[in-house]
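Just so you know, we're using the working numbering here: the sequence shown kicks off at 26 and counts up by one. We put the CB at the ideal spot given by N, CA and C, even for glycine. Only a predicted model underlies this, so the values are computations on that prediction, with no experimental measurement involved. Only one structure is covered here, and it is reproduced in the block below.
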Amino acid sequence: MNRTEAISGDYDYIIVGAGSAGCLLANRLSADPDKRVLILEAGGRDNWIWFHIPVGYLFAIGNPRSDWCFKTEPEPGLNGRSVNYPRGKVIGGSSAINAMIYMRGQSADYDHWRQLGLAGWGWNDVLPFFKRHENHFLGESAVHAVGGEWNIEAPRVRWDLLDAFRAAAGQAGIKSISDFNCGDNEGCGAFHVNQKRGRRVSTASAFLKPALHRANLRLETGCLVEGLVLDGRRAAGVRWRQDGAANGATRSARCRGEVVLAAGSIGSPQILLLSGIGPAEHLREHGIPIVLDRPGVGSNLHDHLQLRLIYKVDGIATLNETYHSRFGAARMVAQYALFRRGPLTMAPSQLGLFTRSDPDQERANLEYHIQPLSLDRFGEPLHKFPAFTASVCNLRPTSRGSLRLRSRDPAAAPAIKPNYLATDEDRHIAACAIRLTRHIAAQPALAPFHPDEYLPGPSAANDSEAALVKAAGDIGTTIFHPVGTAKMGLASDPLTVVDDRLRVAGIERLRVIDASVMPAITSGNTAAPTMMIAEKGAAMLREDAKGRPS
């Protein structure tokens, strides 16, 4: 018979999830030596070389050692396809396997949050929290800081092909810019990356591991959380199964302060549902006692759907032929070992582009990730022919999906239904994005390399709206930015899960601090905004513990 084994003592904070948000939270909350902090991670330690060499994402994504390997339900908007849904399974979470791109989004994203009634979440409010942990290669300025733990560098590799694409974008009327992170990211330029001298910087390496020497911080790995320990409607602790626990024991810990869910847009709502906090009808379906009927838990799921157009080229180098070359691998290893440069330092995308799908858009609503490589999907080998990928996503989709339990078993992957391309607006923008990509590829700067569209290819040669929407459904996949499943909002919003101080509405001493609280997705990659939310959330926790505004 299973038994529950309590670990020693009460904690001031229990953090569930040592990912992009949790590692930063652990660092900030344990900085007070009078506070005991426990952080639980379902994955393991980052003791694998591919967590640290930047190009390791090619081996980490889709690998059960490092990725939860979730899949979506069959998606009507993707012509019935189910797509892989990677999430990091290690300390550092998805920051240990992601694209390493530092991207805040647009100032208007946060001003929109403030306009929704969320006090303290406008651009001018959140900018100091972005800067608080920055160490930016551009130096100190009104928008950047130095001296923080989160290192941001310029790419350490360049490709003539990307220079040609940037020139083609200019010929198509898209200006070049040097920094995407000043509040307006419209333009084309090099992505800034979370690396330090050619090595990946994850939140585990930047925030968690430097703090583990503190006597008041305890990390437990291999912890599959079964649910919250609740005293009525007050969070009093957490219970979990742990790798290697004797006799199949369930372990638990008590919390005299606050429990913080930082397990991400998949994990945090799953834990709330398992704990009886969520849509009552759904909880009844699984025989879970209802603690609080909260319809927003697992709702409002949205994500950036990337349309990966691939073009074969000739007469110019790409990573594909280098990867498959007899001596290419040895040359790449030597470049990296001697100089910490070359293809092994590559983020998946080095060149970014933000623009408008049509002139009626008030601000940039498309993001491109331009890659001097191609493959069918991450986790599979690169193609054997030279090619580049122009991946484009709608930055502010109007489609909304959901996350629901499959069973009461916490080990069962949840049912993930992003509901991509469900609205007329999203379908129209997808069609516009494909047309625009073809327009850029047809510019004179790329003509010497004879770009030949491989995907979506001849089957989508028809330029009609219907044909392009069908093509988008055939080639679309996640770009790994799920948000919104425990949204921040006002009490008047029926889908609100947390308030503007990230407290779960209706449950005392429980907060969610991760990407799931975003009421609307940011206009870019979501790792940096998630860390900002953690930085601001940690400050709120410390303020409230001292009896400041609640």
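- Annotation: the segment 255-282 contains the following complete segments of the beta strand (DSSP E) (minimum length 3 residues), in chain order: 259-267.
- Judged by their CB atoms, V508 and V285 are not nearer to each other than the 8 Å cut-off.
- Per DSSP, reduced to three states, the secondary structure at E174 is coil, with no helix or strand assignment.
- Of all alpha-carbon atoms in K571, G572, G562, the one lying nearest the alpha-carbon of P153 is that of G562.
- Between Q396 and T502, the C-beta spacing is not below 8 Å.
- Taking the Cβ atoms as the reference, R425 lies roughly 6 Å from N325, within the contact range of under 8 Å.
- Every beta strand (DSSP E) of 3 residues or more that sits fully in the segment 57-138 is shown, in chain order, as 62-66.
- Only exposed fits L515, as fewer than 16 other CB atoms lie within 10 angstroms of its CB.
- Burial state of Q220 is buried, judged by a 10 Å Cβ sphere holding 16 or more other Cβ atoms.
- For A51, the enclosing alpha helix (DSSP H) begins and ends at 47-54.
- In the DSSP secondary-structure assignment, N419 is bridged to L391.
- By the Cβ-count criterion, S107 is exposed, with fewer than 16 other Cβ atoms from all chains shown falling within 10 Å of its own Cβ.
- Each of A438, V168, V182 was checked against the Cα of G292, and the nearest Cα belongs to A438.
- The beta carbon of A440 sits closer than 6 Å to those of E98, R429, R431, all from its chain and outside the five residues before and after it, given in chain order.
- In terms of CA proximity to V151, G130 leads the group L566, F162, G130, G164.
- For R356, the enclosing alpha helix (DSSP H) has its first and last residue at 353-364.
- In the DSSP assignment, A215 falls within the beta strand (DSSP E) that extends over 212-215.
- Taking each of C457, G247, T246, W265 in turn and checking the Cα distance to L253, the smallest one comes out for W265.
- Every unbroken stretch of the alpha helix (DSSP H) spanning 4 or more residues and falling wholly within the segment 315-358 is given here in chain order: 344-349.
- For the 8 Å CB-CB criterion, L141 and P544 form a contact.
- Comparing alpha carbon positions, the residue from G212, K234, I199 closest to G47 is K234.
- Less than 8 Å divides the Cβ of A31 from the Cβ of S277.
- If you look at F190, you'll find it isn't in any beta strand (DSSP E); it sits in the alpha helix (DSSP H) that goes 185-196.
- Counting every other CB atom within 10 Å of its CB across the protein chains shown gives R421 a total of 16 or more, marking it as buried.
- Taking one beta carbon from each stretch, the segment 392-411 and the segment 369-378 have 3 or more pairs nearer than 8 Å; the two touch.
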